[in-house]
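In our numbering, the protein residues as written are 13 to 154.
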Amino acid sequence: MMPVRRTQGWLPSIFNDFFDNDWMVKANATAPAINVLETEKEYKVELAAPGMTKDDFNVRIDEDNNLVISMEKKAENKEEKKDGRYLRREFSYSKFQQTMILPDNVDKEKIAASVEHGVLNIELPKLSEEEVKKPNRQIEIK
Numbered sequence: 013m014m015p016v017r018r019t020q021g022w023l024p025s026i027f028n029d030f031f032d033n034d035w036m037v038k039a040n041a042t043a044p045a046i047n048v049l050e051t052e053k054e055y056k057v058e059l060a061a062p063g064m065t066k067d068d069f070n071v072r073i074d075e076d077n078n079l080v081i082s083m084e085k086k087a088e089n090k091e092e093k094k095d096g097r098y099l100r101r102e103f104s105y106s107k108f109q110q111t112m113i114l115p116d117n118v119d120k121e122k123i124a125a126s127v128e129h130g131v132l133n134i135e136l137p138k139l140s141e142e143e144v145k146k147p148n149r150q151i152e153i154k
């Protein structure tokens, strides 16, 4: 006996034909992919950002000691007739912000970031075990 695959009825094809066409534009609501790698000495964050440069990014530590990665890109492509009206004009705008809670063992003074081959790389060095283990301070009760 051979297994038989039943085809779906006509109803799903109507939805596919309606929503999967050129006249109904799909919104691109995806965020850049982020990888986080932990080694013995540091954490590494990699954010996929094809076509972006270092000027498009802002990496900072906020008032709550969280890592905030933001990206903003404005692009304008013009194909114009020199002494007339616009024949074609396109604008593109991308904006992204991600906040990450940093572990307590990150040395916030030595965080570094770079952009290479369409990837934002952020290095988060770890504090040594001695720096993490701060001595307990006794508080005098008055």
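Even glycine gets a Cβ: it sits at the ideal position worked out from N, Cα and C.
Asked	Found
Please state whether DSSP places K154 in a helix, a strand or coil.	coil
Using the Cα positions of M112 and E143, report the straight-line distance between them to the nearest angstrom.	22 Å
Just reading off the beta strand (DSSP E) that S126 is part of, what are its end residues?	124-128
Beta-carbon separation of P115 and K53 under 8 Å?	no
Hey, how far is the Cα of R72 from the Cα of R97?	43 Å
Just the Cα atoms here: how many angstroms apart are I134 and A124?	6 Å
Determine the closest residue to D119 out of N77, L59, L49, with distance taken between C-alpha atoms.	N77
Starting from A60, trace the beta strand (DSSP E) in both directions and tell me its first and last residue.	54-60
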